[in-house]
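Residue numbers (this note's numbering), protein chains in the order written: chain L, 1 to 194; chain Z, 195 to 388.
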DNA sequence: GGTATAAGTAAACAGTGTTGACTTGTCAAG
DNA sequence: CTTGACAAGTCAACACTGTTTACTTATACC
């Protein structure tokens, strides 16, 4: 079942960086196809043809491995840049696309297990750094952070609902209607003042 | 540290229902003060002065125990009932109150560990049964479910953001402003048509 | 009083992430 | 060419987890 029958013999050359990368690759592959908590450290190590202890040696803990895998993944590739007025539309289209089941395979996989204590704290850092902060910066104004939080809430919540209702809940509608709806709501989240 | 020095002696009377309740009480108490995944089955059992195996005998698994504890907790106590037009306002006020750090102690505790696969799956069932379904029913119309999903997304997402940003992110604003904002966004989520 | 039946228990299972002591390959200096 | 140092890699154990099986024991009925 575990691949890597070749090249993983105990007598391979000792290359720190190559081994590190091999672990990282195995982790990404397994996390992507099976989720985070479903994959044990020992399985990742076996898949990489490497001893379990190396995971902790190179990444501190399983959680560190996850953090590094997630860090490679782009969340909102350059969506906050560009005309702020059209931001709701851009965001809506991006979300609608992801709602149809597309989006990074890793993201899809992690959405399934998006709840581990490990995953959560890593996710928190990422949400703040990759969504809230850029949004706040691009918005400007006293209540920029609050408005950014509202949008972020909606975006994150859609992921949660998708998990509860199944992908069809959002994807089973007319794409244009969905985009229009999302655009309207996001714009509403962004509106300044009480 | 673990209380219950009295009344938990091995020679106590054998009362299935009383024992069940004792486990349930211990679980609620520990979950509330420390979160879900931080409390092990053995600790719950010890606290209840009972053998670990009884947890699985009476609740199937630790997850079942959690489900029963959560089920006792009211999510939206009768908010969907009443005038549908004022629903956004009622919901907004409820959320704003919870945003200030109030809300069930259990809810606050579980929000911290709100990531465990167990907790998540139990939560999913609860979100559907206690939020999405009633909302869908009260809304009516072709896209009732979709509109309910939008509101649910926003509500759940606010919880997630609160976890990321800390409670102050939402609570550190003028209450009236916050309620007005939330009301507007929720109303927007509920609007029919694309 | 004896006995069936349920309540409760002890001990083990199979798994997890993690750690420290150990071995071994590699590469540079003598 | 050999030797020695240091990093890379390994092994076995630790301290847990939730869960199950086989067992003991108290209670209630005949």
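Every residue, glycine too, gets a C-beta built ideally from N, C-alpha and C.
Indicate the three-state DSSP secondary structure (helix, strand or coil) for residue i in the structure shown.
| i | result |
| --- | --- |
| residue 176/L | helix |
| residue 263/Z | helix |
| residue 385/Z | coil |
| residue 275/Z | coil |
| residue 167/L | coil |
| residue 199/Z | With a pLDDT of 36 at residue 199/Z, under the threshold of 50, the predicted position of this residue should be treated as unreliable, though the coordinate-derived value follows. Of the three classes helix, strand and coil, the one that applies to residue 199/Z here is coil, per DSSP. |
| residue 397/Z | Residue 397/Z falls outside the range modelled here, since chain Z spans only 195 to 388, and no answer is possible. |
Spatial neighbours of residue i within its chain, please: CB distance less than 7 Å, with the 5 preceding and 5 following residues excluded, ordered by chain position.
| i | result |
| --- | --- |
| residue 332/Z | 274, 278 |
| residue 50/L | 19, 22, 23 |
| residue 186/L | 88, 91, 92, 151, 154 |
| residue 55/L | 23, 41, 44, 45, 62, 65 |
| residue 203/Z | With a pLDDT of 44 at residue 203/Z, under the threshold of 50, the predicted position of this residue should be treated as unreliable, though the coordinate-derived value follows. The answer is none, since no qualifying residue turns up. |
| residue 96/L | 175, 178, 179, 182 |
| residue 147/L | 139, 189, 190, 192 |
| residue 253/Z | 259, 262 |
| residue 233/Z | 224, 225 |
| residue 132/L | 148, 149, 152 |
Sorry if obvious, but does the Cβ on residue i come closer than 7 Å to a heavy atom of the ligand ZN?
| i | result |
| --- | --- |
| residue 373/Z | Absence of the ligand ZN from the depicted structure is noted, as is the absence of any ligand whatsoever, leaving it without description. |
Residues in its own chain within less than 8 Å of residue i by CB, not counting five upstream and five downstream?
| i | result |
| --- | --- |
| residue 165/L | none |
| residue 310/Z | 230, 231 |
| residue 73/L | 104, 106, 107 |
| residue 25/L | 48 |
| residue 305/Z | 353, 356, 357 |
| residue 82/L | 90 |
Excluding the 5 residues preceding and the 5 following residue i in the sequence, name in chain order all residues of the same chain whose CB lies nearer than 6 Å to its CB.
| i | result |
| --- | --- |
| residue 362/Z | none |
| residue 28/L | 69 |
| residue 134/L | 80 |
| residue 136/L | 144, 145, 148 |
| residue 212/L | Absent from the model: residue 212/L. The displayed extent of chain L is 1 to 194, so no value can be given. |
Inset, instruction - Decide if the segment 282-292 of chain Z is in contact with the segment 379-386 of chain Z; the criterion is three or more beta carbon pairs, one per stretch, under 8 Å apart. - result: yes
Inset, instruction - Using a Cβ-Cβ cut-off of less than 9 Å, give me the residues of the segment 271-293 of chain Z that come near chain L, in sequence order. - result: Result list empty, no residue passes.
Inset, instruction - Identify every run of the alpha helix (DSSP H) within the segment 282-357 of chain Z, keeping only runs that are complete inside it and at least 4 residues long; order them along the chain. - result: With a minimum length of 4 residues, the continuous alpha helix (DSSP H) runs that stay inside the segment 282-357 of chain Z are 299-306, 311-321, 327-333.
Inset, instruction - Residues of the segment 314-336 of chain Z with a CB closer than 8 Å to any CB of chain L: list them in chain order, please. - result: 314, 318, 321, 322, 326
Inset, instruction - Please go through the segment 9-60 of chain L and give each complete alpha helix (DSSP H) segment of 4 or more residues, from N-terminal end onward. - result: 16-34, 41-48, 53-59
Inset, instruction - For the segment 245-256 of chain Z, enumerate the residues whose C-beta is nearer than 8 Å to any C-beta of chain L, in chain order. - result: none
Inset, instruction - May I ask you to verify whether the segment 363-376 of chain Z touches the segment 309-323 of chain Z, counting CB pairs closer than 8 Å and requiring at least 3? - result: In short, these stretches do not touch, since the Cβ pair count stays below three.
Legend entry - Three or more C-beta pairs below 8 Å linking the segment 334-354 of chain Z and the segment 137-156 of chain L: yes
Inset, instruction - Examine the Cβ distances between the segment 234-243 of chain Z and the segment 289-297 of chain Z and report whether three or more of them are shorter than 8 Å. - result: no
Inset, instruction - Indicate whether the contact test is met: 3 or more Cβ pairs, each with one atom in the segment 58-72 of chain L and one in the segment 326-340 of chain Z, closer than 8 Å. - result: no
Inset, instruction - Using a Cβ-Cβ cut-off of less than 9 Å, give me the residues of the segment 152-170 of chain L that come near chain Z, in sequence order. - result: 152, 153, 154, 155, 156, 157, 158, 159, 160, 161, 162, 163, 164, 165, 169, 170
Legend entry - Residues, ordered as in the chain, of the segment 32-44 of chain L that lie near chain Z by beta-carbon distance below 8 Å: Of all residues in the segment 32-44 of chain L, 37 have a Cβ within less than 8 Å of some Cβ in chain Z.
Legend entry - Where the segment 62-73 of chain L meets chain Z: residues whose CB sits under 9 Å from a CB there: none
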